[in-house]
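Everything on this sheet refers to the single structure shown next.
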Amino acid sequence: METDNIVIRHARIIDPSRQLDRVGDILLGNGEIVAAGRLGVDRIPDGCRVIDGTGLVASPGFIDLHCHLREPGFEYKETIAAGSKAAAKGGFTTLCAMPNTDPPIDNAAVVEFIHQKARQDSLVRILPIGCVTKGRKGHELAEMEELASAGVVAFSDDGDPVYDANLMRLALIYSLDLGLPISNHCQDLSLSCNGVMAEGPVATHLGLDGIPAAAEEAMIARDIALAEATGGRLHVAHLSTAGSVPLVREAKERGLSVTAEVCPHHLTTTDQWVLGRKGESSGAAGGLAYDTSTKVYPPLRAQRDVDILVSALAEGVIDCIATDHAPHDLTSKQVTYQDAAFGISVLETALGSLLQLVHTNKLSMGAMVDRLTTGPARVLGESYSDLASLQPGTTADLVLFDPEQEWTVDTSEFESKGRNTPLEGTTLKGRVVATFAGGRMVYQAPGLKIGEFRAKV
Amino acid sequence: MSLSRTIDTPEIGGAQGPEPAPRKHVLDLDDFSQEEISAVLESARSMKEVLGRDIKKVPALRGKVVVTLFYEASTRTRISFEEAGKVLSADVINMSASGSSAEKGESLLNTGLTIQAMGVDTIVIRHPHSGAPHLLAQHLNKVSIINAGDGLHAHPTQALLDLYTVQDKLGSLEGLKIVIVGDVLHSRVARSDIWGFAKMGAKVVLSGPATLMPPDLMRTSGNLARSPFASLVEVDTDLDRAIEGADVVMALRLQQERQHAGYLPSLREYIRRWQVTGDRLEKAKPGVMVMHPGPMNEGIEISNSIAHGGNSVIEDQVTNGVAVRMALLYQLTIGSGQEL
Numbered sequence: 001m002e003t004d005n006i007v008i009r010h011a012r013i014i015d016p017s018r019q020l021d022r023v024g025d026i027l028l029g030n031g032e033i034v035a036a037g038r039l040g041v042d043r044i045p046d047g048c049r050v051i052d053g054t055g056l057v058a059s060p061g062f063i064d065l066h067c068h069l070r071e072p073g074f075e076y077k078e079t080i081a082a083g084s085k086a087a088a089k090g091g092f093t094t095l096c097a098m099p100n101t102d103p104p105i106d107n108a109a110v111v112e113f114i115h116q117k118a119r120q121d122s123l124v125r126i127l128p129i130g131c132v133t134k135g136r137k138g139h140e141l142a143e144m145e146e147l148a149s150a151g152v153v154a155f156s157d158d159g160d161p162v163y164d165a166n167l168m169r170l171a172l173i174y175s176l177d178l179g180l181p182i183s184n185h186c187q188d189l190s191l192s193c194n195g196v197m198a199e200g201p202v203a204t205h206l207g208l209d210g211i212p213a214a215a216e217e218a219m220i221a222r223d224i225a226l227a228e229a230t231g232g233r234l235h236v237a238h239l240s241t242a243g244s245v246p247l248v249r250e251a252k253e254r255g256l257s258v259t260a261e262v263c264p265h266h267l268t269t270t271d272q273w274v275l276g277r278k279g280e281s282s283g284a285a286g287g288l289a290y291d292t293s294t295k296v297y298p299p300l301r302a303q304r305d306v307d308i309l310v311s312a313l314a315e316g317v318i319d320c321i322a323t324d325h326a327p328h329d330l331t332s333k334q335v336t337y338q339d340a341a342f343g344i345s346v347l348e349t350a351l352g353s354l355l356q357l358v359h360t361n362k363l364s365m366g367a368m369v370d371r372l373t374t375g376p377a378r379v380l381g382e383s384y385s386d387l388a389s390l391q392p393g394t395t396a397d398l399v400l401f402d403p404e405q406e407w408t409v410d411t412s413e414f415e416s417k418g419r420n421t422p423l424e425g426t427t428l429k430g431r432v433v434a435t436f437a438g439g440r441m442v443y444q445a446p447g448l449k450i451g452e453f454r455a456k457v
Numbered sequence: 001m002s003l004s005r006t007i008d009t010p011e012i013g014g015a016q017g018p019e020p021a022p023r024k025h026v027l028d029l030d031d032f033s034q035e036e037i038s039a040v041l042e043s044a045r046s047m048k049e050v051l052g053r054d055i056k057k058v059p060a061l062r063g064k065v066v067v068t069l070f071y072e073a074s075t076r077t078r079i080s081f082e083e084a085g086k087v088l089s090a091d092v093i094n095m096s097a098s099g100s101s102a103e104k105g106e107s108l109l110n111t112g113l114t115i116q117a118m119g120v121d122t123i124v125i126r127h128p129h130s131g132a133p134h135l136l137a138q139h140l141n142k143v144s145i146i147n148a149g150d151g152l153h154a155h156p157t158q159a160l161l162d163l164y165t166v167q168d169k170l171g172s173l174e175g176l177k178i179v180i181v182g183d184v185l186h187s188r189v190a191r192s193d194i195w196g197f198a199k200m201g202a203k204v205v206l207s208g209p210a211t212l213m214p215p216d217l218m219r220t221s222g223n224l225a226r227s228p229f230a231s232l233v234e235v236d237t238d239l240d241r242a243i244e245g246a247d248v249v250m251a252l253r254l255q256q257e258r259q260h261a262g263y264l265p266s267l268r269e270y271i272r273r274w275q276v277t278g279d280r281l282e283k284a285k286p287g288v289m290v291m292h293p294g295p296m297n298e299g300i301e302i303s304n305s306i307a308h309g310g311n312s313v314i315e316d317q318v319t320n321g322v323a324v325r326m327a328l329l330y331q332l333t334i335g336s337g338q339e340l
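Structural data, given as structure tokens:
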């Protein structure tokens, strides 16, 4: 856990900030990247700790634009301490914390509380997101300048949309001089109604109220029109439907300041998972159906949506991957599907899930890393580009992962307090070996060997 | 197998071929095979014979405990389960959400675990949320769960009694045309009936307002996925056309709230387009059977004269419900083909 020198040797270094993808060494020291690339043995200090990175990938630490750390207010679901450990285990070195806490992050005092808690408890960087509206109630704008000065990196009422179109318009205008994006949870509530899963074949079969794709698409279309009218910065949170992709693509083609994120579960799982057999199809619903760990907003969609989201991510229409890590206590999920809380605990499975796309050649390794690092850093703005780079002199936020290691998801081993994932018991291929935040090793996989470098005599 | 000779040992016809694992729960009909449905119907026939006796009691389930756990109002389903259990000599305990710890906020799961801890054999559950019986089935390992209606999802015992009623009158279900009319979207009866009738070889046609059909069944174009029902049914919103040549017409209950929620312009228009009336039945097969799962809104989804007319088998449905539920309680508790 020291900040001494450490060198990772012979790893595949992927640094999208420099279009770098080559085998080499990375030397960390004083919390910074000292060197990354082809490194002469003479540059490695004698006695430096050394990790053999052969067969491993080293990249900037992952940045999550969207997670729920639940503190303050819901510490029985997650804490900054536990969430940060989960992040480190998942390869994330920066977390943007959504403000649907209690109290919500709608004033400077709560921002300061998050900062203080993060300093005390967190292994990784925590960047708070402020509310768009006071109390997340959707009636009046929050004091956005005060929040920005206190250090929030974006605004969002996530968990709920900014439903009033005029208020959204005003938020986009008011935040123009603050330079921060508004991340909207796009959901037309009059269309989603009491829905608990995607409208479609499984919802019909199981008699669950469906959420039509149009509930998302209608609000994205609205917000794009508002972004165009105002020149404001719109970030589409957790984009999930095939029909949302052309809306964002066209907005970008028109040169609007619109970005979008997608979640690992929307890239890898479908509404078939609600049947409880991990997506294995069968005619009958059976006793395993209504798996509440699959209940998430936006809901898991059809295979066609998944396919189009993956290609939009590969193409760059969708800028980045965000987890929407939404940990819950057991009792919030051990109820009927209708009563269960929305959300999946994602931080510790994100990489393994996403690597499925790489292993099946749907997404290149370089693109995956980009969408977890430089992609989200671009949304945050120029001043955060350092966090997504292995350039010498930048912060030593770095993840080392083994893309080939197979492991079975066992939520009893989770660092997150939220054990709510439909991936429990599934086998994933690819796992974090070590994570460094600010040069400090905040996670190391059991069995990781750390040697000491001795120059040959 | 005649029950008049083996009073104490009603037998359930077992499935043919390799023995499948004995059924533990009845959650829906989607996981029943045609053979298994036939076996239940055959067993129900024996049970109905018991119900016709002067002394309606056999000791088959003596010492077994059945709890009916109802989170929604019910007349026929609840009473018929209670009667079914009592005729078979089970001890039947009725529990409703009102007056129980559910009112103090006890969760469904904890209520289920509590009932299981008391050593009961079978829980019959009705709940307003789809999948509530599955929640119990997933977490309770010592009891059998029978779904007596969950949300919009399923009502398998109703479907079985519907199958029984039709088979009883018409002999076979194979090739029959069954028209189900009304609010299919919100109907657990329709969902289970579709599975049941389709598995038995009948043709199911759904009719009613397009707004009250599952959306995936209304799409005729596009590449969106369709539910398993799509391959089991036809949809025709024109009831006059749908009803042509029907062997069975089943009207579903129309909840009057649907109009306020915007699904319907008015009850008047619904009645004009989809009420099951004598005029409309003229187009069906002679002697068409008219069914309704109850409770009825007479004068809305079905005209008064038809509800109580010569084609109506609505009361037979109720009678047969007891026999079908006896058959299921017996099978889940004792197992098929096993002598007492």
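Those sequence lines, one after another, are chains S and W. Heads up: the first sequence is residues 1 to 457, going by this note's numbering. Heads up: the second sequence is residues 1 to 340, going by this note's numbering. A virtual CB, placed ideally from N, CA and C, is assigned to each residue, including glycine.
By the DSSP assignment, the alpha helix (DSSP H) with residue i in it spans what residues?
i: residue 179/S; result: Counting along the chain, residue 179/S falls outside any alpha helix (DSSP H), and DSSP gives it neither H nor E.
i: residue 19/S; result: Neither: residue 19/S is in no alpha helix (DSSP H) and is coded neither H nor E.
i: residue 267/W; result: 267-274
i: residue 37/W; result: 34-51
Counting C-beta neighbours from all protein chains within 10 Å, is the total for residue i 16 or more, i.e. buried, or is it exposed?
i: residue 182/W; result: buried
i: residue 338/W; result: With a pLDDT of 42 at residue 338/W, under the threshold of 50, the modelled position of this residue cannot be trusted, and the question is left open.
i: residue 450/S; result: exposed
i: residue 304/W; result: exposed
i: residue 5/W; result: In this predicted model, residue 5/W has a pLDDT of only 35, less than 50, meaning its place in the structure is not dependable; the value taken from the coordinates is given anyway. Its Cβ having fewer than 16 others within 10 Å, residue 5/W is exposed.
i: residue 353/S; result: buried
i: residue 11/W; result: Only weak support exists for where residue 11/W lies, its pLDDT of 38 falling under 50; the coordinates are left without a value.
i: residue 192/W; result: buried
i: residue 189/S; result: exposed
i: residue 153/W; result: buried
i: residue 370/S; result: buried
Given that residue i touches chain S, what residues does it touch there, using C-beta distances under 8 Å?
i: residue 107/W; result: 331, 334, 335
Output, in chain order, the set of chain S residues within a Cβ distance shorter than 7 Å of residue i.
i: residue 216/W; result: 200, 201, 204
i: residue 30/W; result: 283, 284, 285
Of all Cβ atoms in chain W, is any one closer than 9 Å to the Cβ of residue i?
i: residue 212/S; result: yes
i: residue 286/S; result: yes
i: residue 279/S; result: no
Between the beta-carbon of residue i and the beta-carbon of residue j, is there less than 9 Å?
i: residue 13/S; j: residue 22/S; result: yes
i: residue 453/S; j: residue 49/S; result: yes
i: residue 84/S; j: residue 433/S; result: no
i: residue 294/W; j: residue 75/W; result: yes
i: residue 68/S; j: residue 325/S; result: yes
i: residue 403/S; j: residue 346/S; result: no
i: residue 211/S; j: residue 192/S; result: yes
i: residue 327/S; j: residue 196/S; result: no
i: residue 234/S; j: residue 223/S; result: yes
i: residue 58/W; j: residue 50/W; result: yes
What residue does the beta strand (DSSP E) around residue i start on, and which one ends it?
i: residue 91/W; result: 91-96
i: residue 436/S; result: 427-437
i: residue 299/S; result: Careful: residue 299/S lies outside any beta strand (DSSP E) and carries neither H nor E.
I want to see whether chain S comes within less than 9 Å of residue i, judged by CB atoms only; does it?
i: residue 206/W; result: no
i: residue 295/W; result: no
i: residue 197/W; result: no
i: residue 139/W; result: yes
i: residue 320/W; result: no
i: residue 229/W; result: yes
i: residue 308/W; result: no
i: residue 260/W; result: no
i: residue 121/W; result: no
Given that residue i touches chain W, what residues does it touch there, using C-beta distances under 9 Å?
i: residue 81/S; result: Going along chain W, no residue has its Cβ under 9 Å from residue 81/S, so there is no contact; the nearest lies around 29 Å.
Using a cut-off of 7 Å between C-beta atoms, extract the partners of residue i located in chain W.
i: residue 297/S; result: Residues of chain W passing the Cβ test: none, with the nearest at roughly 18 Å.
The ligand NAP heavy atoms versus the CB of residue i: any closer than 8 Å?
i: residue 132/W; result: Summarising the ligand content, the structure contains no ligands, and the ligand NAP is consequently not present.
For residue i, go through chain W and note every residue whose CB falls closer than 8 Å to its CB, in chain order.
i: residue 218/S; result: Under the 8 Å cutoff, chain W gives no residues; its nearest Cβ is about 16 Å from residue 218/S.
i: residue 290/S; result: 130, 131, 134, 135
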